[in-house]
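Okay, structure first, notes after.
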Amino acid sequence: MRTVTRIERPEVESRKRVAAYCRVSTDHEAQMDSLENQMAAFNMRIAMHPGWELANLYVDEGLSGTSMRQRVQFRQMIEDCKAGLIDYIITKSVSRFARNTVDTLTTVRELKKYGVELYFEKEKIDTADSLSEMMLTIMASFAQEESRSISENVKWGIRKRFEAGEEVKVPLYGFYHTDDQLFLIQKDEAAVVREVFERFVHGEMPQSILNDMIARGVKPPAGNCWKRLQLDRMIKNEKYAGDVILQKTYVENHLTHRQIRNRDEKVTKYHVRDAHAAIVDRHMFDQAQKIMAMRNVAIGNSTYPYGDILHCPHCGKVLTHGSLNNFYYDGEKIQNGGWGCYGAEGCGSYLLIQNRLDEAVIAAFEEKYGERKERVDYYWLDDTVESIELDERTVTIRWKDGDASTVEMDFSEGRYTPSAYADFYNEFLDRIRSGEKKNKYKNLMGLNMED
Ligand SMILES: [Zn+2]
Numbered sequence: 001m002r003t004v005t006r007i008e009r010p011e012v013e014s015r016k017r018v019a020a021y022c023r024v025s026t027d028h029e030a031q032m033d034s035l036e037n038q039m040a041a042f043n044m045r046i047a048m049h050p051g052w053e054l055a056n057l058y059v060d061e062g063l064s065g066t067s068m069r070q071r072v073q074f075r076q077m078i079e080d081c082k083a084g085l086i087d088y089i090i091t092k093s094v095s096r097f098a099r100n101t102v103d104t105l106t107t108v109r110e111l112k113k114y115g116v117e118l119y120f121e122k123e124k125i126d127t128a129d130s131l132s133e134m135m136l137t138i139m140a141s142f143a144q145e146e147s148r149s150i151s152e153n154v155k156w157g158i159r160k161r162f163e164a165g166e167e168v169k170v171p172l173y174g175f176y177h178t179d180d181q182l183f184l185i186q187k188d189e190a191a192v193v194r195e196v197f198e199r200f201v202h203g204e205m206p207q208s209i210l211n212d213m214i215a216r217g218v219k220p221p222a223g224n225c226w227k228r229l230q231l232d233r234m235i236k237n238e239k240y241a242g243d244v245i246l247q248k249t250y251v252e253n254h255l256t257h258r259q260i261r262n263r264d265e266k267v268t269k270y271h272v273r274d275a276h277a278a279i280v281d282r283h284m285f286d287q288a289q290k291i292m293a294m295r296n297v298a299i300g301n302s303t304y305p306y307g308d309i310l311h312c313p314h315c316g317k318v319l320t321h322g323s324l325n326n327f328y329y330d331g332e333k334i335q336n337g338g339w340g341c342y343g344a345e346g347c348g349s350y351l352l353i354q355n356r357l358d359e360a361v362i363a364a365f366e367e368k369y370g371e372r373k374e375r376v377d378y379y380w381l382d383d384t385v386e387s388i389e390l391d392e393r394t395v396t397i398r399w400k401d402g403d404a405s406t407v408e409m410d411f412s413e414g415r416y417t418p419s420a421y422a423d424f425y426n427e428f429l430d431r432i433r434s435g436e437k438k439n440k441y442k443n444l445m446g447l448n449m450e451d
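Per this note's numbering: the sequence shown = residues 1 to 451.
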């Protein structure tokens, strides 16, 4: 009798055919490197995963090529899914997958029709999951905004806006665009920008820089003649330090397409540092911003060059600057104004003439660094001085290197010492308050105009 033993054949496991999709937005070398790492990682993951086999790797790359816009590989992948060659797709993130929320959802639904599910690595979303559609909707709408904030996407973002005719219509003075690249440095214009920043940071008034530019016949950023506003805007423009602020303006809604200045941050602003080549270094740019703020004419009084570093020795409050232009003491006009304890809840017992302070600071600097400065300027004050302590007759400077210098201020014959000067000034304010003296002076320290 023959016994037949049936030998069970091991069941052939149906292997999942897995594809990976990757999209990069720049042709930057570091990006390409990370792309290669990414692809290698995908390859490895698929190879090591039990029951998976590699179907294909799809990559859309490049800033200049049309593949980014047309997403040649992306469309090929969809075709391959349709043809039944793929069961599962893994991809880096929602933002890397499709262009916007609608695009993402449409594609996911289409692929589901062909029985293909997707996995988004970063967000850990598997479209086979019942909650995935809701998750995807949220993630993709985030991604739409986020994709513009991520530094590596910025060039692409700018370019996209550029193509859409938004924001970067005309190259900014100092830069030029080619078809492939934005913000390349235009040498001659960049030299002018650098000169403007340098002079401004070294304490020159904008109007004086402006007059010189006009006198020398330097080509203005736009139009036939330099305007004050152009200079102010130039100094404030973050692009000269290589940065980009995205969403300075936004589109009101999809019906009107009206561009609105994003003043009160209705839409998140993204400040991307080192997005492109810089014309001025960051240190100089930052100093220029600080000086701009100190010289803000809108508040009617320049606090250049000390800003908010001076404190009242009596009560510790930050001293306020007053121009004192219309104020005389013993018949003498006070140049450069003074610093007094007349801010909010100031004690009103200290008022120091700026020239006395400047002389002391310059003397201390000379003693320390062996160099005589013509005047006190923010650029060197900011670089060398940590803090300044004031007293009735002395100024103590704490240097950034840890040293300190104490210098006597010159109040010959006891006149103009801060306390005596404050007393005199308070009487003057009282006469205005009582109506004995007409107040035609705006921005007097310690005088609330609504009183
Ligand atoms: Zn005080």
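Positions of the beta carbon are idealized from the N, C-alpha and C atoms, including for glycine.
Outcome for residue i when other beta-carbon atoms lying within 10 angstroms are tallied against a minimum of 16
i       : result
Arg-356 : buried
Met-409 : buried
Pro-50  : exposed
Ile-291 : buried
Gly-402 : exposed
Leu-229 : exposed
Ala-293 : exposed
Lys-92  : buried
Cys-312 : buried
Ala-275 : buried
Ala-98  : buried
Tyr-369 : exposed
Ile-214 : exposed
Cys-456 : Limits of the chain in this structure are 1 at one end and 451 at the other, which puts residue 456 out of reach.
Straight-line Cα distance separating residue j from residue i
i       : j       : result
Leu-35  : Tyr-21  : 11 Å
Asp-87  : Val-24  : 24 Å
Trp-226 : Asp-243 : 24 Å
Asp-80  : Phe-197 : 56 Å
Arg-194 : Ala-241 : 11 Å
Arg-233 : Asn-296 : 13 Å
Tyr-421 : Leu-351 : 6 Å
Phe-175 : Gly-203 : 26 Å
Glu-189 : Val-218 : 9 Å
Met-77  : Lys-239 : 39 Å
Trp-52  : Ala-278 : 48 Å
Lys-169 : Lys-236 : Because Lys-169 sits at a pLDDT of 49, beneath the cut-off of 50, its placement in the model cannot be relied upon, and the point is left open.
Ile-150 : Lys-122 : Reliability fails at Ile-150, whose pLDDT of 43 lies under 50, so the model's placement of it is uncertain and no value is given.
Arg-263 : Ser-405 : 44 Å
Gly-435 : Ser-323 : 22 Å
Lys-437 : Ile-334 : 20 Å
Ile-397 : Glu-389 : 6 Å
Gly-446 : Arg-261 : 36 Å
Cys-347 : Thr-417 : 16 Å
Lys-155 : Leu-182 : For Lys-155, the predicted model reports a pLDDT of 48, less than 50, meaning its position is unreliable; a value from the coordinates is still stated below. Approximately 8 Å, taken between the alpha carbons.
Gly-65  : Arg-75  : Its pLDDT being 41, under 50, Gly-65 is placed unreliably in this model, and the value from its coordinates should be taken loosely. Computed Cα separation, rounded: 16 Å.
Asn-301 : Glu-367 : 31 Å
Gln-70  : Gly-115 : 24 Å
Ala-40  : Ala-47  : 10 Å
Leu-111 : Glu-61  : 22 Å
Phe-411 : Ile-353 : 10 Å
Phe-120 : Arg-273 : 28 Å
Arg-431 : Arg-393 : 28 Å
Leu-57  : Leu-381 : 58 Å
Check: residue i C-beta below 8 Å from any heavy atom of ligand 1
i       : result
Tyr-306 : no
Gly-346 : yes
His-314 : yes
Cys-341 : yes
Tyr-421 : no
Tyr-350 : yes
Gly-317 : According to the sequence as given, residue 317 is Lys; it is not Gly. Under cutoff, so the answer is yes.
CB contact below 9 Å: residue i versus chain C
i       : result
Cys-347 : Looking at the structure shown, chain C is missing, and only one protein chain is on hand.
Short Cβ contact (9 Å threshold) for residue i with residue j
i       : j       : result
Val-376 : Lys-400 : no
Arg-17  : Ala-55  : yes
His-321 : Tyr-306 : yes
Val-201 : Tyr-173 : no
Asp-308 : Asn-336 : no
Gln-73  : Val-59  : yes
Gly-343 : Val-318 : yes
Leu-231 : Ile-209 : yes
Gln-186 : Pro-206 : no
heavy atom of ligand 3 below 8 Å from residue i C-beta
i       : result
Glu-121 : No copy of ligand 3 occurs in the structure displayed; its ligands are ligand 1 alone.
May I have a chain-ordered list of the beta strand (DSSP E) segments no shorter than 3 residues that lie completely inside the segment 368–414?
With a minimum length of 3 residues, the unbroken runs of beta strand (DSSP E) contained wholly in the segment 368–414 fall at 385–390, 394–399, 404–408.
Give the list of continuous beta strand (DSSP E) stretches no shorter than 3 residues that lie fully inside the segment 178–253.
244–246, 249–251
Which runs of the beta strand (DSSP E) spanning at least 3 residues fall entirely within the segment 79–121, listed in chain order?
88–91, 117–120
Taking only runs that begin and end inside the segment 277–355, name each unbroken alpha helix (DSSP H) of 4 or more residues, in chain order.
Correct list: 282–294.
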